[in-house]
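Worksheet for the structure shown next.
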Amino acid sequence: MEAPLNRNSPLDPFTPNLAQCAYWVGPRHLAGDDGRLYDTVADTLAGLGWTSLAIVRGRHEPDEAPQDRQVLRSTVLHISPDTLRWAQWVLPDEPFHLGELPIAWQISARADTSSPLAQWSAYFTPDVPGEALADFLVTFDARDQPTTAITGQAPVLDAVTAHGWLRDIDQPDAGATDPTFTSHLSFGEVPPLIQDGDPRALTVEPDGAGPAGWQAWAEPALGAPCLWAASFGASVPHDLVAAFADSLSSTAPVLRRKLPESTRDRLLRAPAG
Numbered sequence: 004m005e006a007p008l009n010r011n012s013p014l015d016p017f018t019p020n021l022a023q024c025a026y027w028v029g030p031r032h033l034a035g036d037d038g039r040l041y042d043t044v045a046d047t048l049a050g051l052g053w054t055s056l057a058i059v060r061g062r063h064e065p066d067e068a069p070q071d072r073q074v075l076r077s078t079v080l081h082i083s084p085d086t087l088r089w090a091q092w093v094l095p096d097e098p099f100h101l102g103e104l105p106i107a108w109q110i111s112a113r114a115d116t117s118s119p120l121a122q123w124s125a126y127f128t129p130d131v132p133g134e135a136l137a138d139f140l141v142t143f144d145a146r147d148q149p150t151t152a153i154t155g156q157a158p159v160l161d162a163v164t165a166h167g168w169l170r171d172i173d174q175p176d177a178g179a180t181d182p183t184f185t186s187h188l189s190f191g192e193v194p195p196l197i198q199d200g201d202p203r204a205l206t207v208e209p210d211g212a213g214p215a216g217w218q219a220w221a222e223p224a225l226g227a228p229c230l231w232a233a234s235f236g237a238s239v240p241h242d243l244v245a246a247f248a249d250s251l252s253s254t255a256p257v258l259r260r261k262l263p264e265s266t267r268d269r270l271l272r273a274p275a276g
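Counting the sequence shown from 1 gives a position; our numbering is that position plus 3.
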């Protein structure tokens, strides 16, 4: 059952801690991650039978007590049972930025166990709706061959236009935006540092165009900082991007206790119970 949403329903002014109030909110692509992006993804992967381990790097000074050791970097790695796919929580690990936002999750896959190198990687910043990333991972896990392309680009844009998003006027086969022109999905040259097994990623001339992949982001106002961003390497199968896009653009409301400041006034909301 979907909860009715009311744009004019105010948050309870008498509640001293808004974080304790739960609301059904929409649209999903502007709802943020509720401050639970790690937990949402980790719970999803645990349910799929993936193994997790923590990689901690620190500094230990001479004569320093163990409890005083300084942890410099910490990464949590989740590995699928077939070891062909993995997910890294890299937010505490001084990650590079995407759309001026730090990367939180890096999802990767390889074709076989004979090579330690990823065939492709996808990157997600904080405030990517956890539901969209979870649906991406469930589809990813269900694939027998995580690196094999089985569809073309069309399913990606079909997924969002089925939920009312608008195709780009100039590039109808390569981009779409939500009706408020806040969130965007585009197929084009991938940003720097996006790892991919496509050999063109290593041989692009300084002035040449690199390999193309899907990019998604939410920009609450023109020129304002992005709420979230996601980048898919050129070799990420399109059906996996379509699963993310379908969930991201879904009209079903999501449960939230924390609302992003930059999109708070654009969210339809109703108290949850």
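Ideal placement from N, C-alpha and C gives every residue a C-beta, glycine not left out. Please read these numbers as outputs of a predicted model, since none were measured by experiment.
TODO: Assign residue 28 to one of two classes, buried (16 or more other C-beta atoms within 10 Å of its C-beta) or exposed (fewer than that).
DONE: buried
Task: Rounded distance between the beta-carbons of residue 81 and residue 45, thought under 8 angstroms - done: 7 angstroms
TODO: Please determine if the segment 117–131 and the segment 94–102 are in contact, where contact requires at least 3 C-beta pairs separated by less than 8 angstroms.
DONE: yes
Task: residue 271 versus residue 247: straight-line alpha-carbon distance, rounded - done: 22 angstroms
TODO: Give a yes or no on whether the C-beta atoms belonging to residue 152 and residue 245 are separated by under 8 angstroms.
DONE: no
Task: Spatially closest choice to residue 53 from 38, 78, 140, 219, by CA coordinates - done: 140
- [ ] Starting from the C-beta of residue 165, find all residues in its chain whose C-beta is less than 6 angstroms away, skip the five residues before and the five after it, and write them out in chain order.
- [x] none
Open item on the list: Using a Cβ-Cβ distance cut-off of 8 angstroms, determine whether residue 158 contacts chain B.
Closed with: Among the protein chains of the structure shown there is no chain B, as only one such chain exists.
TODO: May I have the straight-line CA-CA distance separating residue 174 from residue 259, to the nearest angstrom?
DONE: 34 angstroms
Task: Own chain residues within Cβ distance below 6 angstroms of residue 216, not counting five before or after - done: 193, 235, 236, 237
TODO: Classify residue 105 as helix, strand or coil using the three-state DSSP reduction.
DONE: strand
Open item on the list: Taking the beta carbon of residue 42 as the centre, do at least 16 other beta carbons fall within 10 Å, making it buried, or is it exposed?
Closed with: exposed
TODO: Indicate the three-state DSSP secondary structure (helix, strand or coil) for residue 50 in the structure shown.
DONE: helix
TODO: Grab the span of the beta strand (DSSP E) containing residue 248 for me, first residue to last.
DONE: First-last for residue 248: 241–251, but that is the alpha helix (DSSP H), not the beta strand (DSSP E).
Open item on the list: Helix, strand or coil, according to DSSP, for residue 274 in the structure here?
Closed with: strand
TODO: Rank 214, 58, 221 by C-alpha distance to the C-alpha of residue 251 and give the top, closest one.
DONE: 221
Task: Segments assigned alpha helix (DSSP H), at least 4 residues, entirely inside the segment 74–162 - done: 133–145
Open item on the list: Comparing C-alpha positions only, which one of 25, 58, 254, 218 sits nearest to residue 239?
Closed with: 218
- [ ] Can you check DSSP and say which residues form a bridge with residue 218?
- [x] 189, 234
- [ ] Measure how close the beta-carbons of residue 47 and residue 137 come, nearest whole angstrom, since I'm counting them as under 8 angstroms.
- [x] 4 angstroms
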